[in-house]
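J.: Residue numbers (our numbering), protein chains in the order written: chain A, 49 to 442; chain B, -12 to 413; chain C, 4 to 498.
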Amino acid sequence: MSRFRPTDEKQLAEIVSAALAGEEPLEIVAGGSKRGLGRPLQTPHTLDVTGFAGIRQYEPEELVLSAGAATPLDEIERVLAAKRQMLAFEPGDWRALLGSTGQGQTLGGVIACNLAGPRRIRQGAARDHFLGFHGVSGRGEAFKAGGRVVKNVTGYDLCKLLAGSYGTLAVMTEITVKVLPLPEATRTVALKGLDDARAVAAMIHGLNSSHELSGAAHLPGASGGALTVMRVEGPAPSVEARAAALRDDLKIFGNAEILGDAESLKLWVGLRDASPLADDKDGAVWRVSVAPTAAPALLSQLRHALDFRYFLDWGGGLVWLSVKGGEDGGAHVIRAALAQDQGHATLIRGSAALRAAVSVFQPLTPAVAALSARIKDGFDPKRVLNRGRLYPEI
Amino acid sequence: MRTHFSLAQLADPDLEEANKILRACVHCGFCNATCPTYLLLGDELDGPRGRIYLIKDMLENNKPATALVAKHIDRCLSCLACMTTCPSGVNYMHLVDQGRRHVELTYKRPLTSRLLREFLARVLPSAERFRWTLLAERLARPLAFLLPAKLRAMVQLTPRHLPPRGLVDQPQVFPAEGKRVKRVALLAGCVQKVLSPAIDDSTMRLLTRHGCEVVVAPGSGCCGSIVHHMGRDALGFARTNIDAWTREIEAGGLDAIIINASGCGTTVKDYGFLLREDGAYAAKAAMISALARDVSEFMAALGLKPAAFATGQRVAYHSACSLQHGQRISAQPKALLAEAGFEVLDVPEGHICCGSAGTYNMLQPELANALLDRKIRNIESLRPEIVAAGNIGCITQIAAGTGLPVVHTVELLDWATGGPKPAALA
Amino acid sequence: MLMPTPDAATIARRSEIAAQLRAIVGAAAVIESEDERRAYESDGLTAYRALPLLVVLPSTTEEVSRVMAHCHRENLKIVPRGAGTSLSGGSLPLEDGIILGLSKFNRILELDYDNRCAVVQPGVTNLGITDAVEDKGFYYAPDPSSQIACSIGGNVAENSGGVHCLKYGLTTNNILGLEMVLIDGTVIRLGGKHLDAGGYDLLGVMVGSEGLLGVVTEVIVRLLRKPTTARAVLVGFPSNESAGACVASIIGAGIIPSGMEMMDKPAIHAVEDFVHAGYPLDVEALLIVELDGPPAEVDHLIERVEQIARQCGAVGCRVSNSEQERTLFWAGRKAAFPAVGRISPDYYCVDPTIPRARLPDILNYMAELSKKYGLRVANVFHAGDGNLHPLILYDANKPDELERTELFGADIMKYCVEVGGVLTGEHGVGVEKRDLMGVMFSAADLDQQQRLKCAFDPQGLLNPGKVFPQLHRCAELGRLHVHHGKVRFPDLPRF
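(1) Taking C-alpha atoms, which residue in C:ASP138, C:GLY468, C:ARG476 lies nearest to LEU95 of chain C?
(2) How should MET369 of chain C be labelled, buried or exposed, when 16 other C-beta atoms within 10 angstroms of its C-beta is the threshold for buried?
(3) Under 9 Å, Cβ to Cβ, is there at least one residue of chain A near ARG454 of chain C?
(4) Would LYS199 of chain A and GLY164 of chain C be called neighbours here (beta carbons separated by less than 9 Å)?
(5) Just by C-beta distance, which residues in the stretch 28 to 46 of chain B are closer than 7 Å to chain C?
(6) Chain A partners of TYR116 of chain C, CB-CB under 8 Å?
(7) Under the rule that 16 or more other beta-carbon atoms within 10 Å means buried, what is VAL168 of chain B, buried or exposed?
(8) Does any residue of chain A bring its CB to less than 9 Å from the CB of ALA12 of chain C?
(9) For ASP176 of chain A, count the other beta carbons within 10 Å of its own beta carbon; 16 or more makes it buried, fewer makes it exposed. Which is it?
(10) Taking just the CA atoms, how far does LEU324 of chain B sit from LEU399 of chain B?
(11) Would you kindly check if the distance between the Cβ of ALA272 of chain B and the Cβ of GLY259 of chain B is under 9 Å?
(12) Expressed to the nearest angstrom, what Euclidean distance is found between the alpha-carbon atoms of ASP354 of chain C and LYS196 of chain C?
(13) Can you give me the C-alpha to C-alpha distance between GLN143 of chain B and LEU130 of chain B, rounded to a whole angstrom?
(14) Would a check of beta-carbon distances place GLY488 of chain C closer than 9 Å to chain B?
(15) Can you name the residues of chain A whose CB is closer than 7 Å to the CB of CYS457 of chain C?
(16) Hey, quick one: how far does the beta strand (DSSP E) through LEU290 of chain C stretch, first residue to last?
(17) Between GLN351 of chain B and ARG101 of chain B, which are expected to be in contact by the criterion C-beta below 8 Å, what is the C-beta distance as a whole number of angstroms?
(18) With GLN319 of chain B and SER283 of chain B assumed to form a contact (beta carbons below 8 Å), what rounded beta-carbon distance in angstroms separates them?
(19) Using 9 Å as the limit for Cβ to Cβ distance, is SER185 of chain A near chain C?
(20) Counting only beta-carbon separations shorter than 9 Å, does LEU60 of chain C have a partner in chain B?
(21) Note down, in chain order, each residue of its chain lying with its Cβ closer than 7 Å to the Cβ of VAL408 of chain A, except the 5 sequence neighbours on either side.
(22) Could you tell me the distance, in whole angstroms, from the CA atom of LEU433 of chain A to the CA atom of GLY215 of chain A?
(23) Spatial neighbours of LEU495 of chain C within its chain, please: CB distance less than 8 Å, with the 5 preceding and 5 following residues excluded, ordered by chain position.
(24) For HIS(-9) of chain B, count neighbouring Cβ atoms within 10 angstroms of its own Cβ and tell me buried if that reaches 16, exposed if not.
(25) Check whether the Cβ of GLU441 of chain A lies closer than 9 Å to any Cβ atom in chain C.
(26) Are LYS226 of chain A and PHE181 of chain A touching if we call contact CB-CB under 9 Å?
(27) Which residues, taken in chain order from the stretch 403 to 416 of chain A, show a beta carbon closer than 8 Å to some beta carbon of chain C?
(28) Could you spell out where the alpha helix (DSSP H) holding PRO158 of chain B opens and where it closes?
(29) Could one say the Cβ of CYS315 of chain C lies closer than 9 Å to chain A's Cβ atoms, at least one of them?
(30) What does THR394 of chain A touch in chain C if you count any residue whose Cβ is under 8 Å from its own?
(31) From the DSSP output, read off the bridge partner residues of CYS249 of chain C.
(32) Near ALA326 of chain A, what residues of its chain come up, given a Cβ to Cβ distance below 7 Å and the 5 sequence neighbours on each side ignored?
(33) Please look up how many angstroms separate the CB atoms of THR220 of chain C and ALA415 of chain A, rounded, as I've assumed it's under 8 Å.
(34) Can you give me the C-alpha to C-alpha distance between GLU404 of chain C and LYS375 of chain C, rounded to a whole angstrom?
(35) Tell me the DSSP secondary structure of GLN133 of chain A in three-state form.
(36) Count Cβ pairs between the stretch 255 to 269 of chain A and the stretch 223 to 232 of chain C that sit closer than 8 Å; are there 3 or more?
Pasting the structure below:
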């Protein structure tokens, strides 16, 4: 068991090449906050990429930032905030949820896992802000893709491929992302006491309105009763007007309260970090993505067979579950409830044994699985990078 | 686009014109988006851009048209929606006219096709011959199923009842009511007189009521569209009309030449171009074209008298291709109907042809029917009480596909300002 | 333009192949005669033409699958084609390949307002989607200028943008799912009405893949609620620098307009002659900034933008106060290409993207190049995201003008890459920019992209000759240079 810590791309390439030669897989780690995500790895060696950190270029007026892949997200967010900018996809801090003892997450980790918080419904996920990177493939070759601009269709969009690939295709060393202005003000319109179906209906109503929501979530188990919350952001006069108009529009669902900047911030950070489920240490936590209209029926179906706590984000399009008990953490039931091509479920938190036993990620159809394996072949034929992290054959 | 005409070729004024048109085209493909046949068939060859390309190839290389090329050009409706859409000002109309002529001159059609076209070319332009033919067809109607598709379509379009001759049947002068403010000629036309004499009668009444002396000039008749769109020489028709109207101008002057069938109007407005190389007629033709007006644009300029009674019916206004694309008249008819108190409804997908397109519904029945079905669905989705249009072809075509009353815009305007209620609304 | 050498044996078998394909799609859907094939010899980039072997126009996914499976078995090349409006030669035919046209796939299959998405066939036009949902107050946001005619399938292939992509994203940010056919005929589905997908983001990889990875047969697009209001500011500037500074200041102030377009003096004059939108003729640059959204927000931001514009030295600032006025402001910009077409027999549109800050530099450089090559150039660009559209004016009927034009364009693109930009922002590489890929990517970069292609289409049957300049065989690319037997972790610290 060895731990390697390269400090430049050349060393990194050598390490990967060596791993390749010996067919000895590497586990890519920076802050270690996401070691509990994905299928558990059995790798002899650890590749510590913390040497690739530091903001390389930040041009606020170009809305672009480049940094070493292992730059702590905290640092990036601080630097951006100082210029009143942000990573609009609102990546969650899942340390509490995952019980990680590692340090904070890095930019590379966030991209590699394609995280996104509540604002995904308006601004997209990490993959939608990922403009370019430098990296070393599992073939031990350094390469780059993308660029520093948003409008770019020169060659294949390898950024999309790398986002969400959990480090199975290449080790990224430098990452360029798009950044956006921080909203000047925030308001949250909050409805109480709605059941799943009414909550989703209310969120659909809000999202289909012209008030430009940047968040829509439902917390059934909030203290004080179920809470359905919708966020508007922007310049102060706009936000006041829109929140009031939204409250009016939602009168058929009840009388909503309007929460101000500070309360909103706290609430949405909590949602981003999946705080409602974080204290439930034993549950198997799943993230299920469905069409919003399908969420209530899904939940009904699951209730028949599973004991779980939950909350909804993305207007109902994201169902967070914390499943109690059961041998497989609810895997069988959850997978059965999701019809082909109508959603996907990912096990976010579970013991290593559980993650080894069930499909952590949505099983792929044979054709897509074969295609994915062939893609993997092109980047990491010997499977030296995070072997088995996504699927057994990848 | 880059063209390859030789200097010798460019000495021919028609080819020179074709070259100019082709060079304006940048092959952007926007025209395909609004072409009804491209919509139905999804084939580049059945859209304007592809047709332009086919015609370019034929003319540049002086190649005879083949059956396949003729097929695609024949499928063109000449609706001219492409011209409205084209950002580069390509005069597709003049190019496809040349294309059709080239096909007619160099391609020998199958016998049935030749017979049918010959028949249409001889019968339709003469109201009398048309009237007798319709009577004969009515008799043949029960046996229509025995006929080949092309002929069957034609027979099935025959109206069940032929209306009696109208007031505007013969050349004559209709005096203005009250003070005369304008003197206008009314295109005598051909099939409209037989199929729906009420349209000319309404037009005459509307105009005279508004102080216009209306002249149906002796010697004027079919505008030549039908023959022209089959790729044949229609200049004879043009010269005859130009002569008739020129005589009227010399006799008493004309403020306008009113045309109430938009398909004809487009052609009369093109007389100046069609006869540009004719030493004797070029100037006269240009003058005639400059005087030509669709009845709706003329009435919009003249001003409509207030409605004589409360109207308010829901009228789906079908914008005929030749009117909206050919003559660029879209707003005036609707404005007039609204002024007359009707509730005017816009037909969804209004830029797409109904499938009439002159003789198209007889020559290309499958495509025409597909377009008719689409048009009917769009019209009926509005749940109108009345359908109004500014072209006899559209009126006949749409009436064949719906139980709703289909009338000419002028019939409604005439009725609203004091004329009789259109028979179709009874 | 060097294309792969056509295979004579395949061409000799044209009729036989046509018969085989007719057995799959029906006689009317296979075009074999030369006269008819000619209409397909080019797309929107008319400088390049080639007659395809055959044209096949399927009507169903099953037909597409069977045609592709057949071509795969027979080693026949396939060039997919949508509306044929590509400006980069994306559907330029191959003499020994078939054109697989998707224009019969023109139906909208489902409109799902609650889930804010539409399921459409690839031949539906971009604007056709918006038209279908307009009455309910929705629209499909990416709006390339050819939106009246370009197909959504083509948009997917080119990751099309448009004026509004600054605020609303490109095609790739607005696609939720696809059905596609792989080269061997396998039909797969990616994504759906839900967000994200399990496994690799193949959906993301497909968008912008220019017909090289598979044929799209169904698309699920995101629908957005149409903004309540939109207002525009039309600003003239005495110099490109001041206009560029204004753009930077607006962004710097935390404002993301829904559209921000710039035009230079030649472009302004060309469009004003054509459209008479009332553009000022004495300014060096014109900026159109559009803000959309709820009235409270729009009114507030319009004021701020106006202020910023004046601070940056605007010589004339008009704010639209009605929908009519706003449309008029845009009329000129939207007519830019055809307007230029009227003052020149031909024009060539380049499509690079550069960092916004470098806009004045590239404009100055282009003025130099214009003198060097003796060709006029007019510029319109998406100032908001730095995507330029220099329009180089030439006459194809003059012997060497096309060549000089292409050199001019290449120089522009190279400069843009040098200052941190990219070759193409939204039109795609196609054939047009293929040979410049090396300016932006190293051999290693291009090889890695090629390996992705090998996973989808190892025989290289889909759209060969496009995007990538040099094709290596997949076997060659797959080879590893590995030193066996020795585990070499020489002088690196171990923990």
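Cβ atoms here follow ideal geometry from the backbone N, Cα and C, with glycine treated the same way.
T.: So, to answer that:
(1) C:GLY468
(2) buried
(3) yes
(4) yes
(5) GLY29, ASP30, GLU31, LEU32, GLY37, TYR40, LEU41, ASP44
(6) ASN256
(7) exposed
(8) no
(9) buried
(10) 8 Å
(11) yes
(12) 32 Å
(13) 10 Å
(14) Residue placement at GLY488 of chain C is poorly supported in this model, since its pLDDT is 45, which falls under 50; the coordinates still yield a value, given next. Chain B, which has no Cβ nearer than 9 Å to the Cβ of GLY488 of chain C, makes this no.
(15) GLY426
(16) 288 to 296
(17) About 16 Å; that fails the 8 Å criterion.
(18) 5 Å
(19) yes
(20) yes
(21) GLY86, ARG87, THR394, LEU395
(22) 7 Å
(23) In this prediction, LEU495 of chain C scores a pLDDT of 49, lower than 50, which makes its location untrustworthy; the coordinate-derived value is nonetheless stated afterwards. Nothing meets the Cβ criterion.
(24) exposed
(25) no
(26) no
(27) PHE409, GLN410, PRO411, LEU412, THR413, ALA415, VAL416
(28) Note, PRO158 of chain B: premise wrong, no alpha helix (DSSP H); not H, not E.
(29) no
(30) GLY201
(31) For CYS249 of chain C, which the question treats as bridged, DSSP gives no partner whatsoever.
(32) ALA144, LEU145
(33) That belief does not hold up - the Cβ atoms of THR220 of chain C and ALA415 of chain A are roughly 14 Å apart, past 8 Å.
(34) 13 Å
(35) strand
(36) yes
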